[in-house]
Amino acid sequence: MEGIVAPDAITANGFAGLDGIKPLADVANEEGKGVFVWVRGSNPSAGVLQDFADAHGKRFFEVLAEQVATLACEPQRIGQCGLSNVGMVVGGTAAEQARILREQYPHIIFLVPGFGAQGADAADCLQFAKSDGSGVLVSASRSIINAYDNSRYKEQFGADWEKCIEQACLDMKAALAAVMRGQKPLIR
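For reference, each letter of the sequence shown is one residue, going 1 to 188 in the numbering used here.
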(Lines of atoms letter the chains of each structure in order from A and count residues from 1; the text may use other names and numbers.)
(Lines give C-alpha, C1' and ligand atoms only; values in the text may rest on other atoms or scores of the structure.)
Protein backbone atom coordinates (compact mmCIF):
# COMPACT_ATOMS: atom_id res chain seq x y z
CA MET A 1 0.00 0.00 0.00
CA GLU A 2 1.32 3.39 -0.94
CA GLY A 3 2.19 5.80 1.81
CA ILE A 4 2.57 3.17 4.50
CA VAL A 5 6.05 2.81 5.95
CA ALA A 6 6.90 -0.47 7.61
CA PRO A 7 8.71 -0.33 10.93
CA ASP A 8 12.35 -1.37 11.18
CA ALA A 9 11.52 -3.73 14.05
CA ILE A 10 8.59 -4.92 16.10
CA THR A 11 8.20 -6.29 19.59
CA ALA A 12 6.56 -9.66 20.07
CA ASN A 13 5.14 -11.58 22.98
CA GLY A 14 7.17 -14.72 23.54
CA PHE A 15 4.57 -16.57 25.58
CA ALA A 16 3.33 -18.52 22.52
CA GLY A 17 6.76 -20.08 22.17
CA LEU A 18 8.74 -20.38 18.96
CA ASP A 19 5.59 -21.14 16.96
CA GLY A 20 4.46 -17.57 17.60
CA ILE A 21 7.86 -15.96 17.06
CA LYS A 22 9.30 -17.80 14.05
CA PRO A 23 6.84 -16.47 11.43
CA LEU A 24 7.61 -12.91 12.54
CA ALA A 25 11.36 -13.59 12.49
CA ASP A 26 11.12 -15.12 9.01
CA VAL A 27 9.37 -12.04 7.60
CA ALA A 28 11.91 -9.83 9.38
CA ASN A 29 14.69 -11.78 7.68
CA GLU A 30 13.08 -11.43 4.26
CA GLU A 31 12.54 -7.70 4.72
CA GLY A 32 15.85 -6.85 6.38
CA LYS A 33 14.05 -5.97 9.62
CA GLY A 34 14.10 -7.08 13.25
CA VAL A 35 11.99 -8.62 16.00
CA PHE A 36 12.42 -8.06 19.72
CA VAL A 37 10.84 -10.72 21.93
CA TRP A 38 9.68 -9.72 25.39
CA VAL A 39 11.70 -11.83 27.84
CA ARG A 40 11.84 -9.85 31.12
CA GLY A 41 9.84 -6.71 31.81
CA SER A 42 10.92 -3.61 33.67
CA ASN A 43 7.70 -3.06 35.59
CA PRO A 44 7.85 -3.92 39.30
CA SER A 45 5.43 -6.86 39.18
CA ALA A 46 7.15 -8.55 36.20
CA GLY A 47 9.22 -10.71 38.52
CA VAL A 48 6.16 -12.41 39.99
CA LEU A 49 5.81 -14.42 36.80
CA GLN A 50 9.05 -13.98 34.93
CA ASP A 51 11.34 -14.83 37.87
CA PHE A 52 9.27 -17.87 38.82
CA ALA A 53 11.62 -20.87 39.10
CA ASP A 54 11.05 -24.53 38.36
CA ALA A 55 12.12 -27.35 40.69
CA HIS A 56 15.70 -27.03 39.41
CA GLY A 57 15.89 -23.29 40.04
CA LYS A 58 15.63 -22.23 36.38
CA ARG A 59 13.55 -19.10 36.09
CA PHE A 60 10.87 -18.56 33.48
CA PHE A 61 12.69 -15.65 31.82
CA GLU A 62 15.76 -17.90 31.42
CA VAL A 63 13.71 -20.62 29.69
CA LEU A 64 12.12 -18.03 27.40
CA ALA A 65 15.54 -16.49 26.64
CA GLU A 66 16.88 -19.93 25.68
CA GLN A 67 14.00 -20.40 23.26
CA VAL A 68 14.52 -16.96 21.70
CA ALA A 69 18.27 -17.61 21.42
CA THR A 70 17.62 -20.88 19.57
CA LEU A 71 15.95 -18.86 16.82
CA ALA A 72 18.16 -15.77 17.09
CA CYS A 73 21.41 -17.68 16.69
CA GLU A 74 20.45 -19.37 13.43
CA PRO A 75 23.20 -18.39 10.93
CA GLN A 76 20.84 -16.64 8.50
CA ARG A 77 19.74 -14.25 11.27
CA ILE A 78 23.25 -13.04 12.19
CA GLY A 79 24.27 -9.88 10.36
CA GLN A 80 27.68 -8.60 9.28
CA CYS A 81 28.15 -6.93 12.67
CA GLY A 82 27.76 -10.29 14.44
CA LEU A 83 24.37 -9.45 15.95
CA SER A 84 21.06 -11.18 15.28
CA ASN A 85 17.94 -9.54 13.89
CA VAL A 86 16.02 -11.35 16.64
CA GLY A 87 16.56 -9.59 19.95
CA MET A 88 15.23 -9.65 23.48
CA VAL A 89 13.27 -7.06 25.44
CA VAL A 90 14.68 -6.98 28.97
CA GLY A 91 13.87 -4.17 31.39
CA GLY A 92 16.58 -1.82 32.56
CA THR A 93 15.50 -2.40 36.15
CA ALA A 94 16.55 -6.06 35.89
CA ALA A 95 20.27 -5.70 36.74
CA GLU A 96 20.87 -9.31 37.74
CA GLN A 97 19.14 -10.53 34.60
CA ALA A 98 21.21 -8.12 32.49
CA ARG A 99 24.45 -9.71 33.61
CA ILE A 100 23.19 -13.27 33.12
CA LEU A 101 21.70 -12.66 29.69
CA ARG A 102 24.58 -10.60 28.25
CA GLU A 103 27.09 -13.28 29.23
CA GLN A 104 25.00 -16.05 27.69
CA TYR A 105 23.90 -14.29 24.51
CA PRO A 106 26.64 -12.18 22.92
CA HIS A 107 24.97 -12.19 19.47
CA ILE A 108 21.68 -10.74 20.67
CA ILE A 109 20.60 -7.11 20.77
CA PHE A 110 18.72 -6.11 23.90
CA LEU A 111 15.89 -3.59 23.72
CA VAL A 112 15.96 -2.09 27.20
CA PRO A 113 12.88 -0.21 28.43
CA GLY A 114 12.61 1.30 31.88
CA PHE A 115 14.88 4.35 31.61
CA GLY A 116 13.46 7.20 33.67
CA ALA A 117 9.90 6.74 34.89
CA GLN A 118 10.34 3.08 35.83
CA GLY A 119 13.52 3.81 37.77
CA ALA A 120 16.37 2.66 35.56
CA ASP A 121 19.20 5.10 34.88
CA ALA A 122 21.80 5.11 32.12
CA ALA A 123 24.20 2.84 34.00
CA ASP A 124 21.43 0.31 34.69
CA CYS A 125 20.44 0.18 31.03
CA LEU A 126 23.96 0.06 29.64
CA GLN A 127 24.74 -3.10 31.62
CA PHE A 128 23.14 -4.84 28.64
CA ALA A 129 25.77 -3.50 26.23
CA LYS A 130 28.64 -5.57 24.99
CA SER A 131 32.11 -4.45 26.03
CA ASP A 132 32.38 -2.34 22.86
CA GLY A 133 29.11 -0.53 23.69
CA SER A 134 27.07 -2.30 21.02
CA GLY A 135 24.17 -4.71 21.37
CA VAL A 136 21.79 -2.48 23.31
CA LEU A 137 18.94 -0.16 22.40
CA VAL A 138 17.74 1.88 25.37
CA SER A 139 14.21 3.22 25.30
CA ALA A 140 12.24 5.65 27.41
CA SER A 141 8.55 6.33 27.10
CA ARG A 142 6.81 8.01 30.02
CA SER A 143 9.82 10.07 31.09
CA ILE A 144 9.91 11.55 27.59
CA ILE A 145 6.25 11.91 26.62
CA ASN A 146 5.32 13.24 30.07
CA ALA A 147 8.32 15.57 30.35
CA TYR A 148 5.91 18.54 30.25
CA ASP A 149 4.74 17.40 33.69
CA ASN A 150 8.25 17.19 35.19
CA SER A 151 9.00 20.18 37.45
CA ARG A 152 12.57 20.47 36.15
CA TYR A 153 11.35 20.99 32.58
CA LYS A 154 8.34 23.06 33.61
CA GLU A 155 10.68 25.52 35.33
CA GLN A 156 12.79 25.79 32.18
CA PHE A 157 10.11 25.84 29.51
CA GLY A 158 6.76 26.49 31.16
CA ALA A 159 3.86 25.19 29.09
CA ASP A 160 5.96 24.56 25.97
CA TRP A 161 5.55 20.78 25.98
CA GLU A 162 7.59 20.35 22.80
CA LYS A 163 10.64 21.98 24.40
CA CYS A 164 10.14 19.83 27.52
CA ILE A 165 10.14 16.65 25.43
CA GLU A 166 13.11 17.80 23.37
CA GLN A 167 15.13 18.55 26.50
CA ALA A 168 14.19 15.21 28.08
CA CYS A 169 15.51 13.45 24.94
CA LEU A 170 18.72 15.47 25.02
CA ASP A 171 19.18 14.74 28.73
CA MET A 172 18.71 11.01 28.15
CA LYS A 173 21.20 11.07 25.29
CA ALA A 174 23.73 12.97 27.44
CA ALA A 175 23.30 10.57 30.37
CA LEU A 176 23.87 7.52 28.15
CA ALA A 177 26.90 9.14 26.51
CA ALA A 178 28.40 10.05 29.88
CA VAL A 179 28.12 6.47 31.15
CA MET A 180 29.59 5.13 27.91
CA ARG A 181 32.58 7.48 28.41
CA GLY A 182 32.95 6.24 31.98
CA GLN A 183 31.69 9.45 33.57
CA LYS A 184 28.93 10.01 36.04
CA PRO A 185 25.90 11.58 34.30
CA LEU A 186 24.79 15.00 35.53
CA ILE A 187 21.15 13.96 35.73
CA ARG A 188 19.27 10.75 35.98
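Beta carbons are placed, not taken as given, at the ideal position from N, Cα and C, and that holds for glycine.
Within 7 Å, strictly: CB atoms of residue i and residue j
i       : j       : result
Ala-177 : Phe-128 : no
Phe-110 : Val-136 : yes
Ala-25  : Val-39  : no
Met-88  : Val-37  : yes
Met-172 : Gly-133 : no
Ile-100 : Ser-84  : no
Ile-21  : Ala-12  : yes
Ala-117 : Arg-142 : yes
Leu-64  : Gly-14  : yes
Chain-order list of residues whose beta-carbon lies under 8 Å from that of residue i (same chain, five-residue window excluded)
i       : result
Ala-53  : Arg-59, Phe-60
Gln-167 : Ala-147, Tyr-153, Gln-156, Phe-157
Ala-95  : Asp-124, Gln-127
Glu-30  : none
Ala-159 : Tyr-148
Gly-76  : One point to set straight first is that residue 76 is Gln, not Gly, in the sequence displayed. Contacts found: Asn-29.
Buried/exposed call for residue i, threshold 16 Cβ in 10 Å
i       : result
Asp-124 : buried
Val-138 : buried
Glu-62  : buried
Val-112 : buried
Cys-81  : exposed
Ala-69  : buried
Phe-50  : At residue 50 the sequence reads Gln, which differs from the Phe that was named. Classification of Gln-50: buried, given that the 10 Å Cβ count is 16 or more.
Asp-121 : buried
Gly-32  : exposed
Ser-42  : buried
Ile-4   : exposed
Ala-234 : Nothing can be reported for residue 234: it is not among the residues displayed for the chain, which extend from 1 to 188.
Terminal residues of the beta strand (DSSP E) in which residue i lies
i       : result
Asn-13  : 9–13
Arg-40  : 34–40
Gly-87  : 86–90
Phe-110 : 110–112
Val-136 : 136–138
Contacts around residue i, its chain only, beta-carbon distance under 6 Å, and the 5 residues preceding and following it disregarded
i       : result
Phe-115 : Gly-92, Cys-125, Val-138, Ala-140
Ala-72  : Ser-84, Val-86, Ile-108
Asp-19  : none
Cys-164 : Ala-147, Tyr-148, Tyr-153, Phe-157
For residue i, the first and last residue of its enclosing alpha helix (DSSP H)
i       : result
Pro-23  : 18–31
Ala-94  : Note, Ala-94: premise wrong, no alpha helix (DSSP H); not H, not E.
Leu-83  : It is not in any alpha helix (DSSP H) - Leu-83 carries neither H nor E in the DSSP assignment.
Ser-151 : 151–157
Same chain, Cβ closer than 7 Å to residue i, five either side skipped, listed in chain order
i      : result
Val-90 : Val-39, Arg-40, Gln-97, Ala-98, Leu-101, Phe-110, Val-112, Phe-128
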